[in-house]
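Engineer:
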Amino acid sequence: MTHEGEHGHGGVPPSDQLAAAANVKADIYDQARANRIRFWERQARRLSWFVEWQRPLDWSDPPYARWFLGGALNVAYNCVDRHVEAGAGDRVALHWEGAPGDVRMLTYADLHRAVCQAANALNALGVVRGDRVAIHLPMVPETVVTMLACARIGAVHAALPSALDVAGLAAHVRDAGAKIVVTADGGFRDGRAPLSPTGSLKTVQFKSVLDAALDLAPDSKVEHVVVVRRTGERLDWQAGRDIWWHDAVETAPPEHRAPTLYAEHPLFISYQTPGRGGVPGRIEPRGLLHAAGGYLTQVAFSHHAVFDHKAGLDVYWCTADIASISGHSYLVYGPLANGATQVMYEGAAETDEPGRIWQIVQKYGVSVLFAAPGVIRALRRGGVQAARGAGDASRYDLSSLRILGIDGGPVDPDTWLWYRREVGGDRAAVVGTWWQPETGAIMISSLPGVSCTKPGGAARPLPGVVADVLDDSGFEARRGTPGHLVMLEPWPSMARTLWRDDERFAARYWSRFPGLYATGETARIDEDGDVWVLGQEGRPA
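In case it helps, the working numbering puts the sequence shown at residues 40 to 580.
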């Protein structure tokens, strides 16, 4: 059984300076091991609660967990209001960089005003607690504002990937039962490499795709479409249904009192890659439902611990798309709950002009960078191909970087070493993470001030997380032997169910080893107790 524990032997140790100033020390593992539930209660108290919980966990009906029963809070209040009330209203919340090079800066006071206006606008359009709002937007600040406004009023948001085709978008809007869709006329991508060989800026359609999707779903519950003006595209307009963001939101009152919501109130639906059912061509959306209190507790703690985040000092950048679970957890909710100053970029780091990411790091003095393995590999290829041209990280001042995160999976040792050497200058700590949309938050990771990190991504379960690798018979696998990665105990940010499909949730994730969460990943545990995640093994549909 792999519990929380001290770092193993070998690997790259943390610097003395980093270890001395780290947010968490090695004894945090012992604290969690001594009483795991009490540990999570302490992490929950990092948030502001309107009502204290009566029971930290109800696990009487697995796999349906309930955390912090009787407790009440407001997610948006924790992400915005409390920082303003603490005197940090002038702190920058978002440095936004558009693909064409236009910029916007929102302080926490600016963000508070915008979220309150959006909350009032949604209420005025008839959205009430429990209604669903679909978000179909590019990487613009209005996406963050909409998510927080939904969280504020108790609406359940479903942020949908821009890559969905018409049929896929129609299926997801219908499945969510969305009452409102927030979209844009279009978005920009930096098309200079490799999206467009001509070096021109690429426009991505949003509202026209949504219009076609709603035509395919005449039985949807959509009453209004709120449209952000971004590209200036000419649009078809349906009177009575369509409304401009600037007319609905920017004219709304800027005061809104955050209501009290119970900890288990649903926060959002995270849609995964849709499967094709037994009917040819039929799209079956699979949406994971996450609840407010437990989710925010774990994403805020993990952001604080894994990235050693220092509010008011660090500039943090998660390069993920906001519609992904990474965007939810480590671009919106985790960082903002911790009062972070962060960068948000409209383009795609893995496909845009080589060097754009390094320009942004240099421009804003990014100190914590969190990127997916595919992005890191693409950046490495760009630097090599550029032959010390625009894509070469060595041409830019990256000395501000102190933490380099790898999002959600391992990279090969050569890429890991390149990331540390060429991007981090052999100074920055590299933290590899493993987690899933189903887990909601990082589950396995090195801790920058504690862990000896190993090229390739092996790490320990975070404090409060209990994992193991089992053989086919459900027994603990021998050290070094590949097996099935499972979670042995419930955790606060775990998905509560599949949207509208409890039976499928239990069968898909909890049937392989009854009572245990089967991740669908193969892994092994080395002689130091570090977990090496080897790849997906599949699970029931």
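Ideal Cβ placement from N, Cα and C applies to all residues, glycine included.
When DSSP labels each residue in this structure, what does S309 get in the three-state scheme?
Structural biologist: Position 270 of the sequence shown, counted from the first residue, corresponds to residue 309. Reduced to three states, the DSSP call for S309 is strand.
Engineer: Should V114 and Y310 be called a contact, given that it needs their Cβ atoms to be closer than 8 Å?
Structural biologist: Here residue 114 corresponds to residue number 75 of the sequence shown, with the count starting at 1. Here residue 310 corresponds to residue number 271 of the sequence shown, with the count starting at 1. Going by C-beta atoms, V114 is not nearer than 8 Å to Y310.
Engineer: Are there three or more Cβ pairs, one per stretch, closer than 8 Å when the region 161 to 176 is compared with the region 187 to 203?
Structural biologist: yes
Engineer: At which residues does the alpha helix (DSSP H) containing M533 begin and terminate?
Structural biologist: Residue mapping note: residue 533 aligns to position 494 of the sequence shown, counting from 1. From DSSP, M533 is part of no alpha helix (DSSP H); its letter is neither H nor E.
Engineer: Drop a sphere of 10 angstroms on the beta-carbon of R315, count the other beta-carbons inside from all chains shown, and report buried for 16 or more, exposed for fewer.
Structural biologist: Taking the first residue of the sequence shown as position 1, residue 315 is located at position 276. Residue confidence is low: R315 scores 41 on pLDDT, short of 50, so the model does not pin down where it sits. Its coordinate-derived value is still stated next. R315 sits exposed, since fewer than 16 C-beta atoms from the chains shown fall within 10 Å of its C-beta.
Engineer: Using the Cβ count rule (16 or more neighbours within 10 Å means buried), how would you classify R228?
Structural biologist: Within the sequence shown, the letter at position 189 stands for residue 228. Buried, since its Cβ has 16 or more Cβ neighbours within 10 Å.
Engineer: Does DSSP classify F340 as helix, strand or coil?
Structural biologist: Start at 1 with the first residue of the sequence shown, and residue 340 comes out as number 301. Note: F340 maps to helix in three-state DSSP.
Engineer: I need the DSSP call for H586, collapsed to helix, strand or coil.
Structural biologist: Within the shown structure, residues of the chain are numbered from 40 to 580, placing residue 586 beyond reach of any answer.
Engineer: Indicate the three-state DSSP secondary structure (helix, strand or coil) for K246 in the structure shown.
Structural biologist: Taking the first residue of the sequence shown as 1, we reach residue 246 at position 207. Of the three classes helix, strand and coil, the one that applies to K246 here is helix, per DSSP.
Engineer: Helix, strand or coil: which one does DSSP assign to C155?
Structural biologist: Taking the sequence shown and counting its residues from 1, one reaches residue 155 at position 116. Looking at C155 - three-state DSSP - the assignment turns out to be helix.
Engineer: Do L408 and W356 have their beta-carbon atoms positioned less than 8 Å apart in this structure?
Structural biologist: Here residue 356 is taken as the residue at index 317 of the sequence shown, counted from 1. Here residue 408 is taken as the residue at index 369 of the sequence shown, counted from 1. Against a cut-off of 8 Å, the Cβ pair of L408 and W356 comes out as a contact.
Engineer: Give, in chain order, every unbroken run of the beta strand (DSSP E) that is at least 3 residues long and sits entirely within the region 247 to 286.
Structural biologist: 263 to 267 and 281 to 283
Engineer: At the level of alpha carbons, what is the spacing between F340 and L443?
Structural biologist: Start at 1 with the first residue of the sequence shown, and residue 340 comes out as number 301. Start at 1 with the first residue of the sequence shown, and residue 443 comes out as number 404. Rounded to the nearest angstrom, the two C-alpha atoms are 18 Å apart.
Engineer: When you compare the region 126 to 133 with the region 265 to 285, are there three or more beta-carbon pairs, one atom per stretch, that lie closer than 8 Å?
Structural biologist: no
Engineer: Output the boundary residues of the alpha helix (DSSP H) element that contains D69.
Structural biologist: Within the sequence shown, numbered from 1, the residue matching residue 69 stands at position 30. Run containing D69: D66 to A73, per the alpha helix (DSSP H) assignment.
Engineer: Excluding the 5 residues preceding and the 5 following A350 in the sequence, name in chain order all residues of the same chain whose CB lies nearer than 7 Å to its CB.
Structural biologist: As a first step, residue 350 must be located in the sequence shown, where it is residue number 311. For A350, where only same-chain residues beyond five positions count, the Cβ hits under 7 Å are N377, G378 and A379.
Engineer: If you follow the alpha helix (DSSP H) that V33 is part of, which residue opens it and which one closes it?
Structural biologist: No answer is possible for residue 33: the residues shown for the chain start at 40 and end at 580.
Engineer: Counting pairs of Cβ atoms below 8 Å between the region 151 to 166 and the region 205 to 214, do you hit three or more?
Structural biologist: no
Engineer: List the residues that DSSP assigns as beta-bridge partners of R105.
Structural biologist: Stepping through the sequence shown from its first residue, residue 105 is reached at position 66. Bridge partners of R105: D97.
Engineer: Let me know the beta strand (DSSP E) ranges lying completely inside the region 119 to 185, each 3 residues or longer, listed in chain order.
Structural biologist: For the region 119 to 185, whole beta strand (DSSP E) runs of length 3 or above, ordered along the chain, are 131 to 136, 142 to 146 and 171 to 175.
Engineer: Can you tell which of A83, Y384, S54 and A291 has the C-alpha that lies nearest to the C-alpha of A138?
Structural biologist: Sequence index remark: in the sequence shown, residue 138 carries index 99 (1-based). Minimum Cα distance to A138 is reached at Y384.
Engineer: Would A562 be called buried (16 or more neighbouring beta carbons within 10 Å of its own) or exposed?
Structural biologist: Mapped onto the sequence shown, residue 562 falls at position 523. Classification of A562: buried, given that the 10 Å Cβ count is 16 or more.
Engineer: In terms of residue numbering, what span does the beta strand (DSSP E) encompassing Y548 cover?
Structural biologist: Taking the first residue of the sequence shown as position 1, residue 548 is located at position 509. Segment D541 to W549 is the alpha helix (DSSP H) holding Y548; no beta strand (DSSP E) there.
Engineer: By DSSP, does S368 sit in helix, in strand, or in coil?
Structural biologist: Working through the sequence shown from its first residue, we reach residue 368 at position 329. S368: helix per DSSP, three-state reduction.
Engineer: Using only the alpha-carbon positions, how far apart do D224 and S247 sit?
Structural biologist: Taking the first residue of the sequence shown as 1, we reach residue 224 at position 185. Taking the first residue of the sequence shown as 1, we reach residue 247 at position 208. Their backbone Cα atoms lie some 8 Å apart in a straight line.
Engineer: Could you check where the beta strand (DSSP E) with W356 kicks off and where it finishes?
Structural biologist: To locate residue 356, count along the sequence shown from 1; it is residue 317. Residues V354 to C357.
Engineer: Report all residues from its chain with a CB closer than 8 Å to the CB of R578; omit the five preceding and five following residues, and keep chain order.
Structural biologist: Taking the first residue of the sequence shown as position 1, residue 578 is located at position 539. Closer than 8 Å at the Cβ level, and outside the excluded window around R578, lie R547, Y548, R551, A557 and G559.
Engineer: Taking Cβ to Cβ, would you say H329 is nearer than 8 Å to R535?
Structural biologist: Walking along the sequence shown from the start, residue 329 turns up at place 290. Walking along the sequence shown from the start, residue 535 turns up at place 496. In this structure, R535 lies closer than 8 Å to H329 by Cβ.
Engineer: Just checking my contact of P452 with P494 at CB under 8 Å: how many whole Å lie between their CB atoms?
Structural biologist: The residue given as residue 452 occupies position 413 in the sequence shown. The residue given as residue 494 occupies position 455 in the sequence shown. At roughly 4 Å, the Cβ-Cβ gap stays under 8 Å, so P452 and P494 are in contact.
Engineer: Going by other Cβ atoms of all chains shown within 10 Å of its Cβ, with 16 needed for buried, is A60 buried or exposed?
Structural biologist: Here residue 60 refers to the residue found at position 21 when the sequence shown is read from its first residue. With fewer than 16 Cβ atoms within 10 Å of its Cβ, A60 is classed as exposed.
Engineer: From the DSSP output, in three-state form, read off V570 for me.
Structural biologist: Residue numbering aside, residue 570 sits at position 531 when the sequence shown is read from its first letter. Strand.
Engineer: Quick test of the definition: if touching needs 3 or more C-beta pairs under 8 Å, does the region 69 to 84 touch the region 473 to 491?
Structural biologist: no
Engineer: According to DSSP, is Y301 helix, strand or coil?
Structural biologist: For the purposes of this step, residue 301 is taken as the residue at position 262 of the sequence shown. Three-state result, Y301: strand.
Engineer: Relative to the C-alpha of R325, which candidate in R94, E542, A127 and G568 has its C-alpha closest?
Structural biologist: Taking the sequence shown and counting its residues from 1, one reaches residue 325 at position 286. Minimum Cα distance to R325 is reached at E542.
Engineer: Using C-beta distances below 8 Å, list every residue in its chain close to G447, excluding the 5 sequence neighbours before and after it, in chain order.
Structural biologist: For this step, residue 447 is matched to residue 408 along the sequence shown. Here the set comprises S365, A411, P412, T472, W473, W474 and Q475.
Engineer: Going by DSSP in three states, P553 sits in which element: helix, strand or coil?
Structural biologist: Position 514 of the sequence shown, counted from the first residue, corresponds to residue 553. If DSSP states are grouped into helix, strand and coil, P553 belongs with coil.
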